[in-house]
Amino acid sequence: MSRYNAAEAELKWRKTWDEMNAFEAVRDPSRPKYYVLEMFPYPSGRIHMGHVRNYAMGDVIARYKRAQGFNVLHPMGWDAFGMPAENAAMERGSHPAKWTYDNIATMREQLKMMGLSLDWSREFATCDPEYYAQQQAMFLDMYKAGLVYRKSSTVNWDPVDMTVLANEQVIDGKGWRSGAPVERRELTQWFFRISDMADELLTAIDGLTEWPEKVRLMQRNWIGKSRGLQFAFDVVDAPDGHEKLEVYTTRPDTLLGASFAAIAADHPLAKSLEASNPDLAAFAAECRRMGTSEEEMERAEKLGFDTGLRVRHPFDPDWELPVYIANFILMDYGTGAIFGCPAHDQRDLDFARKYGLPVTDVYCTQDSEERVGGTAYIPLKSETVRYVRALAGEEIMTGYQGVDAAIAHCEAAGVGKGVVNFRLRDWGVSRQRYWGCPIPIIHCDTCGPVPVPREQLPVRLPEDVSFDKPGNPLDRHANWKHVPCPDCGAEARRETDTMDTFADSSWYYARFTNPNAETPTDAMDVEYWMNVDQYIGGVEHAILHLLYSRFWARAMHLTGHLPAEAIEPFNALFTQGMVCHETYESDDGRWLTPAEVIEKDGRKVEAATGAPITIGPVIKMSKSKKNVVDPEHIIQEYGADTARWFMLSDSPPERDVEWTAAGAEAASRHLQRVWRLVTEIAESRSDTESTPLPADKALRQATHRVIDGVTKDIEGFAFNKAVARMYELTNALMKSGDASPAVRREAAAALAQLMAPVTPHLSEEIWARLGMETPLVSSPWPTADPTLLVDDLIRLPVQVNGKRRSEIEIAKDAAKEDIEAAALADAAVARAMGGAAPRKVIVVPGRIVNVVV
RNA sequence: GCCCGGGUGGUGGAAUGGUAGACACGGCAGAUUCAAAAUCUGCUGCUCUUACGAGCGUGCGAGUUCGAGUCUCGCCCCGGGCACCA
Numbered sequence: 014m015s016r017y018n019a020a021e022a023e024l025k026w027r028k029t030w031d032e033m034n035a036f037e038a039v040r041d042p043s044r045p046k047y048y049v050l051e052m053f054p055y056p057s058g059r060i061h062m063g064h065v066r067n068y069a070m071g072d073v074i075a076r077y078k079r080a081q082g083f084n085v086l087h088p089m090g091w092d093a094f095g096m097p098a099e100n101a102a103m104e105r106g107s108h109p110a111k112w113t114y115d116n117i118a119t120m121r122e123q124l125k126m127m128g129l130s131l132d133w134s135r136e137f138a139t140c141d142p143e144y145y146a147q148q149q150a151m152f153l154d155m156y157k158a159g160l161v162y163r164k165s166s167t168v169n170w171d172p173v174d175m176t177v178l179a180n181e182q183v184i185d186g187k188g189w190r191s192g193a194p195v196e197r198r199e200l201t202q203w204f205f206r207i208s209d210m211a212d213e214l215l216t217a218i219d220g221l222t223e224w225p226e227k228v229r230l231m232q233r234n235w236i237g238k239s240r241g242l243q244f245a246f247d248v249v250d251a252p253d254g255h256e257k258l259e260v261y262t263t264r265p266d267t268l269l270g271a272s273f274a275a276i277a278a279d280h281p282l283a284k285s286l287e288a289s290n291p292d293l294a295a296f297a298a299e300c301r302r303m304g305t306s307e308e309e310m311e312r313a314e315k316l317g318f319d320t321g322l323r324v325r326h327p328f329d330p331d332w333e334l335p336v337y338i339a340n341f342i343l344m345d346y347g348t349g350a351i352f353g354c355p356a357h358d359q360r361d362l363d364f365a366r367k368y369g370l371p372v373t374d375v376y377c378t379q380d381s382e383e384r385v386g387g388t389a390y391i392p393l394k395s396e397t398v399r400y401v402r403a404l405a406g407e408e409i410m411t412g413y414q415g416v417d418a419a420i421a422h423c424e425a426a427g428v429g430k431g432v433v434n435f436r437l438r439d440w441g442v443s444r445q446r447y448w449g450c451p452i453p454i455i456h457c458d459t460c461g462p463v464p465v466p467r468e469q470l471p472v473r474l475p476e477d478v479s480f481d482k483p484g485n486p487l488d489r490h491a492n493w494k495h496v497p498c499p500d501c502g503a504e505a506r507r508e509t510d511t512m513d514t515f516a517d518s519s520w521y522y523a524r525f526t527n528p529n530a531e532t533p534t535d536a537m538d539v540e541y542w543m544n545v546d547q548y549i550g551g552v553e554h555a556i557l558h559l560l561y562s563r564f565w566a567r568a569m570h571l572t573g574h575l576p577a578e579a580i581e582p583f584n585a586l587f588t589q590g591m592v593c594h595e596t597y598e599s600d601d602g603r604w605l606t607p608a609e610v611i612e613k614d615g616r617k618v619e620a621a622t623g624a625p626i627t628i629g630p631v632i633k634m635s636k637s638k639k640n641v642v643d644p645e646h647i648i649q650e651y652g653a654d655t656a657r658w659f660m661l662s663d664s665p666p667e668r669d670v671e672w673t674a675a676g677a678e679a680a681s682r683h684l685q686r687v688w689r690l691v692t693e694i695a696e697s698r699s700d701t702e703s704t705p706l707p708a709d710k711a712l713r714q715a716t717h718r719v720i721d722g723v724t725k726d727i728e729g730f731a732f733n734k735a736v737a738r739m740y741e742l743t744n745a746l747m748k749s750g751d752a753s754p755a756v757r758r759e760a761a762a763a764l765a766q767l768m769a770p771v772t773p774h775l776s777e778e779i780w781a782r783l784g785m786e787t788p789l790v791s792s793p794w795p796t797a798d799p800t801l802l803v804d805d806l807i808r809l810p811v812q813v814n815g816k817r818r819s820e821i822e823i824a825k826d827a828a829k830e831d832i833e834a835a836a837l838a839d840a841a842v843a844r845a846m847g848g849a850a851p852r853k854v855i856v857v858p859g860r861i862v863n864v865v866v
């Protein structure tokens, strides 16, 4: 028998679908719509396995919903601005636009080879001027609405290259190209007021019931709402303007255990002391000689510097605490100043032990004064302890009564007030880079920042730029930034910062509803297509991208671009796990792709040189670590269906998978098996209906159980289980030679339909061979006959003392007494009971029997 | 460091608190073949046992329960995020 020619069949069916315009979405209010969206790719060069996984999943949902009768919108586009294009420009001299659009062309062809049911007519890239024009318009709308402002903030500064570095470009505290120790530098930058919406973004999470709980939790923690006490220390012999030191604490209950105050190196008080104290200035400079990432600050050794200043404890004016500058205090959180209570906070305790500060346990019981050693003590709500005022021995409260009680106590004593604080900071969107959406502002010496007039949008990126030296090409461009002020006509300067690429991806889902609209969105299209019914993407985007999108949707609503119902743009979210691979590094520090590594004498070596390599951890496939596998050769060799089937088999979609080449061959063999089997059944068709054979019922039951199971599995994103059931149906069909041809044909047709979301080309092919005239792509989803899903007799396991000893066969609706009697009558059960009388028999109908002796 | 997730045979994994290992890969044996590939059939958690069967088994240690991979507490290891990677 001939083999299934995937290459030929796949080309043929893709052409058929194209000619049918099968996947073009047309607004049709008479039909229910379904908007399924996978996170759009960054055009890094070629698609990788993570893309295949992501888009295969989305396509299963899209094709399944289409078969269920929904008017499906399933678009694709490109998250096309970003650093790699500029890096390529610096390394290879190619223009970022050319590099990006070339990559898009390559990747578009690769995605098309996958046979995805995408509406390509809606395709756009975020670097298209038509797209970023609308983004600039929205920026100005948001500016007008007070959602945008400027303030000073810190960036990573490379003092040799004289350029701003992304956190990714800071390696071990040094610039990735220059190798120079990175410094923090202050710049005036543009910000979105996302923190004004903190409470709203937090409470709305409750309504996101179709989101994974872990993502909701991560978002809640990220927003980080806390209630605490804000109060001011009086500063002893204060420098002018610093008579008070405001601090925020979530642990006011430990205020009587305070032993020091600490401020950020960037705190105004610290800055005012730098002029007169060279040692202090040196320490502050040392603190700034560190990247801006929170991780780096938290991991760094905790260091402090005694400013020499003292503050008075709010409950006792004679009690003075030293004020330190500490490298772990964030100026962006709270007031940039804290008090330290070593007894009840581990970080404070480590700090106190290091600098010889007192440790006072405010929760000491009568005989455990020495409880705190090297571990801070966290009071338990259930514990009965005496909360004493440590110095005077005066009892203030009994037991830990929570933060609110402590705040109330402090407020009553006139010390500070309870405030709500958020960890969430405003979104800094300024980037000192070329390849991004220009911020449409003109700076005038007399008028200040002035919006670019609407009719002048888009502010286009100039094409004649050079990347021969580091820094922002927009800033050093000969004339681009020199423009007259729109208000007064005087000489003025364009803003040369571009927007964070997260901005581009914060509203693309809305643009897909009408990518050609003259405004950011078209009201009719947004009304019909929004929200995204199912959003699918990597779990690595669980916080930032999704939070920014939620913010931007609200901003779009406030500026009239989205209806109120669309402020939560993603109804359901599925976060897929990542495709991971080992990393390989050569001795001279180059990352190697898996294709550049071969195995020799049981060791992995660099293929080109035979030199030994270092094998790194299994981490997500990323271009920077080069641990990427190109799916194209699998598609070339076996076809798209095999790649899709293989990618969805075995691993649960939400879990990370380590890529392994073994198995693609086996997946291909299985698809060949299905093709042979169905072809054989199709050819054995009989025109007259035969009388039912004894084997028919079993096959029909198997078929309908699999229809039922696969439907539920797809609904629940359990594609691996759906695939397993399709194997089961294939196996049942293989062994069904004694069933009648009509029943076998019914089973084969169901198999084609069920497999179609995963292997659309093969399914069309075998569907046609079964004599079906309507293409599968426009055929409805099969439904299971409920009468075939249940059995009259069931097998029930019987345990003795919790260990399985036997199994009984019994009517599915047998009475408990009958089940118990049958279990006790079983020989193996009797043997296991060893002649003892049952003390108790637990019967869980339809599940299990447990005999306790 | 902080937040989140994961850990089950040789491998990927399955299992509303109820038969641990569905399904697949790999392996072994057999059929077919001059031979091989392909295909088909059977076996395949570990240990002991000719067999029947028994014991042990879901990262580690406790606990709740008639019954725990699943729930609780304490650990270990791995991955993701940490605000300028996308």
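For the first sequence, the residue numbers in the working numbering are 14 to 866. Note that CB positions come from ideal geometry on N, CA and C, so glycine has one too.
I believe residue i touches residue j by the beta-carbon criterion, under 8 Å. Please report the beta-carbon distance rounded to the nearest angstrom.
i	j	result
Trp235	Leu560	7 Å
His456	Pro475	18 Å between Cβ atoms; not a contact.
Ala566	Ala579	6 Å
Applying the criterion that 16 or more other CB atoms from any shown protein chain within 10 Å of the CB defines a buried residue, is residue i buried or exposed?
i	result
Ala118	exposed
Tyr162	exposed
Arg657	buried
Ala22	buried
Asn744	exposed
Glu382	Because Glu382 carries a pLDDT of 46, less than 50, the predicted location of this residue cannot be relied on, and the following value inherits that uncertainty. When all chains shown are included, Glu382 counts as exposed.
Glu612	exposed
Ile855	exposed
Per DSSP, what kind of secondary structure is residue i in: helix, strand or coil?
i	result
Asn416	According to the sequence shown, residue 416 is Val rather than Asn. Helix at Val416.
Lys638	coil
Asn584	strand
Thr305	coil
Gln876	The structure shown does not extend to residue 876, since the chain spans only 14 to 866, so no value can be given for it.
Ile351	strand
Val856	strand
Asn100	helix
Thr29	helix
Arg325	strand
Tyr597	strand
Gly431	strand
Lys617	strand
Val195	coil
Cys300	helix
Tyr55	coil
Gly128	coil
Glu23	helix
Pick out whichever of the options has its Cα sitting closest to the Cα of residue i.
i	options	result
Ala530	Gln148, Lys111, Leu131, Lys125	Gln148
Glu12	Lys636, Glu678, Pro665, Thr627	In the structure as shown, the chain begins at 14 and stops at 866. Residue 12 is therefore absent and cannot be evaluated.
Ile727	Pro528, Arg567, Glu820, Gln547	Gln547
Lys734	Leu767, Leu706, Asp709	Leu767
Gly784	Ala841, Glu693, Arg66	Glu693
Glu307	Asn290, Gly848, Leu343, Leu322	Leu343
Thr950	Gly551, Asp481, Pro462	This structure does not reach residue 950, given that the chain is present from 14 up to 866, and the question cannot be answered.
Ser637	Arg27, Ala150, Ile184, Ala737	Ile184
Thr113	Asp513, Val375, Met96	Met96
Segment contact flag, the region 323-332 with the region 243-250, C-beta cutoff 8 Å, min 3 pairs: yes
Three CB pairs or more closer than 8 Å across the region 219-232 and the region 174-191: no
The region 427-439 in contact with the region 206-217 per 3-pair CB rule at 8 Å: yes
Three-pair Cβ contact test at 8 Å for the region 533-541 versus the region 490-502: no
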